[in-house]
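A.B. asks:
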Amino acid sequence: MDQINCQNSNHDSQRMKYICVDPICQTQQKIGCADCFLEDHATHQRKTIEQFNDQVKQQLDSFNQIEFQPITNTIQQDLEKQIENELENCLSCIKYRFTNIKSDLQSLLDEENEKLQESYNALQQSKNNELDQMKNVNDLHTISQEELNELIKFYQESSKIKNNYSQASEIFADEKNKIKQKRQKYLQKLQIIMQGLMKEFNDLMTTRNLQYDDFSEFETPQKSSLSPNKMQNFVESTRSSRRYYMDYSKKSLFGNASRKD
Numbered sequence: 009m010d011q012i013n014c015q016n017s018n019h020d021s022q023r024m025k026y027i028c029v030d031p032i033c034q035t036q037q038k039i040g041c042a043d044c045f046l047e048d049h050a051t052h053q054r055k056t057i058e059q060f061n062d063q064v065k066q067q068l069d070s071f072n073q074i075e076f077q078p079i080t081n082t083i084q085q086d087l088e089k090q091i092e093n094e095l096e097n098c099l100s101c102i103k104y105r106f107t108n109i110k111s112d113l114q115s116l117l118d119e120e121n122e123k124l125q126e127s128y129n130a131l132q133q134s135k136n137n138e139l140d141q142m143k144n145v146n147d148l149h150t151i152s153q154e155e156l157n158e159l160i161k162f163y164q165e166s167s168k169i170k171n172n173y174s175q176a177s178e179i180f181a182d183e184k185n186k187i188k189q190k191r192q193k194y195l196q197k198l199q200i201i202m203q204g205l206m207k208e209f210n211d212l213m214t215t216r217n218l219q220y221d222d223f224s225e226f227e228t229p230q231k232s233s234l235s236p237n238k239m240q241n242f243v244e245s246t247r248s249s250r251r252y253y254m255d256y257s258k259k260s261l262f263g264n265a266s267r268k269d
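So in our numbering the end of the sequence shown lands on 269, straight run, no missing numbers.
1) For G40, write down the residues that DSSP places opposite it in a beta bridge.
2) Assuming C14 contacts C44 (C-beta within less than 8 Å), just tell me the rounded distance between them.
3) Can you list, in chain order, the residues of its chain whose CB lies under 7 Å from that of I276, leaving out five sequence neighbours each side?
4) From which residue to which residue does the beta strand (DSSP E) around K55 run?
5) Out of A50, K184, D211 and L205, which has the shortest C-alpha to C-alpha gap to D118?
6) Between the Cα of Q199 and those of E88, K110, H19 and K161, spot the shortest distance and give me the residue it belongs to.
7) Measure from the alpha carbon of T51 to the alpha carbon of each residue in N136, E88 and D30, then state which is nearest.
8) Under the DSSP definition of a beta bridge, which residues are partnered with N13?
9) Determine, using beta carbons only, whether C41 and Q11 come nearer to each other than 8 Å.
10) Whose CA, out of K143, K168 and S167, lies closest to the CA of L156?
11) One question on the structure: do N129 and I187 come within less than 8 Å of each other, judged by their Cβ atoms?
12) Verify whether the separation of the beta carbon atoms of F180 and S127 is less than 8 Å.
13) Considering only residues of the stretch 61-146, which uninterrupted alpha helix (DSSP H) runs meet the minimum length of 4 residues and lie entirely inside it, listed in chain order?
14) Within a Cβ cutoff of 6 Å, which residues of the same chain sit near S232, ignoring the five residues on either side of it in sequence?
15) Take L113 and list the residues in its own chain whose beta-carbon comes closer than 7 Å to its own, dropping the five residues that flank it on each side.
16) So, helix, strand or coil for S152, using DSSP?
17) Would you identify the three-state DSSP class for A181, choosing helix, strand or coil?
18) Given the structure, does L212 come close to the ligand HEM, in the sense that its CB is under 7 Å from one of the ligand's heavy atoms?
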């Protein structure tokens, strides 16, 4: 480091040796020789220029080690992954519930269809039996008396039998229609459930609701000072609060005193 001599004519060109680091110092000139400090900084905290230079370098090295983590991408990636997982879980739960509902409804409808099919089979079998007994109507001269009696009985009750089968057919058709209506009703219920779910989902997940939601539990006491603009202002105010204003000659003097060989 080059030696710089004091420019005060009363100080015998002494070597500039000290820098005042006292926080309450009001003297504009912070660097000087031994006599400068006896006159202006007698009780102030001081450092030799070499000490000050070394300690500032140490502080700069320490300051340079402070890292601001690039959290933007990390937060976005973590959020996207969490949202994807939550949506997958949500879809899995919804699918599971609707699968169970579908299975329950299918079992119920299958049971009713099975009963209806049994009724259909019984009616069809009864009708076929009636027809089988009447198929020998063209052989009246050769059939037995018992078979003839059955034909006569059928003839006498044919209107009643036909009416009974017609009523049975109407009942059967009505039961089929009831099952169809039940299916339609179940479908409408599912549609109402789905519409309700979608409405709830839309109400909860709109951008506006997310923007105005209350996230105060995640905020720190410094919330208001951590916005990008206010953070920048905070840095600027911290920087300006420690500025010392020197004229050009004093800046040059300090620069020369701190210059390496």
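Note that CB positions come from ideal geometry on N, CA and C, so glycine has one too.
Note that the coordinates shown come from a computational prediction; the quantities given were computed from them, not determined experimentally.
C.D. replies: Straight from the coordinates:
1) Paired residue(s): Y26.
2) Confirmed, about 6 Å.
3) Residue 276 is absent from the model: the chain starts at 9 and stops at 269.
4) Per DSSP, K55 belongs to the beta strand (DSSP E) from R54 to T56.
5) Answer by Cα proximity: K184.
6) Nearest neighbour of Q199 by Cα position, chosen from E88, K110, H19 and K161, turns out to be K110.
7) The candidate whose alpha carbon is nearest that of T51 is D30.
8) DSSP, once it has assigned bridges, lists R23 as partnering N13.
9) No.
10) When each option's Cα is compared against that of L156, the closest is K143.
11) Their beta carbons are not under 8 Å apart, which means N129 does not touch I187 by this criterion.
12) Remark: C-beta atoms of F180 and S127 approach each other more closely than 8 Å.
13) Counting only runs that start and end inside the stretch 61-146, the alpha helix (DSSP H) elements of at least 4 residues fall at 79-142.
14) Summary for S232: the model assigns pLDDT 49, below 50, so the residue's position carries little reliability, and this model does not support an answer.
15) The beta carbon of L113 is closer than 7 Å to those of Y194 in its chain, skipping five residues each way along the sequence.
16) Under the three-state reduction of DSSP output, S152 falls in the coil class, being neither helix nor strand.
17) Under the three-state reduction of DSSP, A181 is assigned to helix.
18) With respect to the ligand HEM, the structure offers nothing, as it holds no ligand at all.
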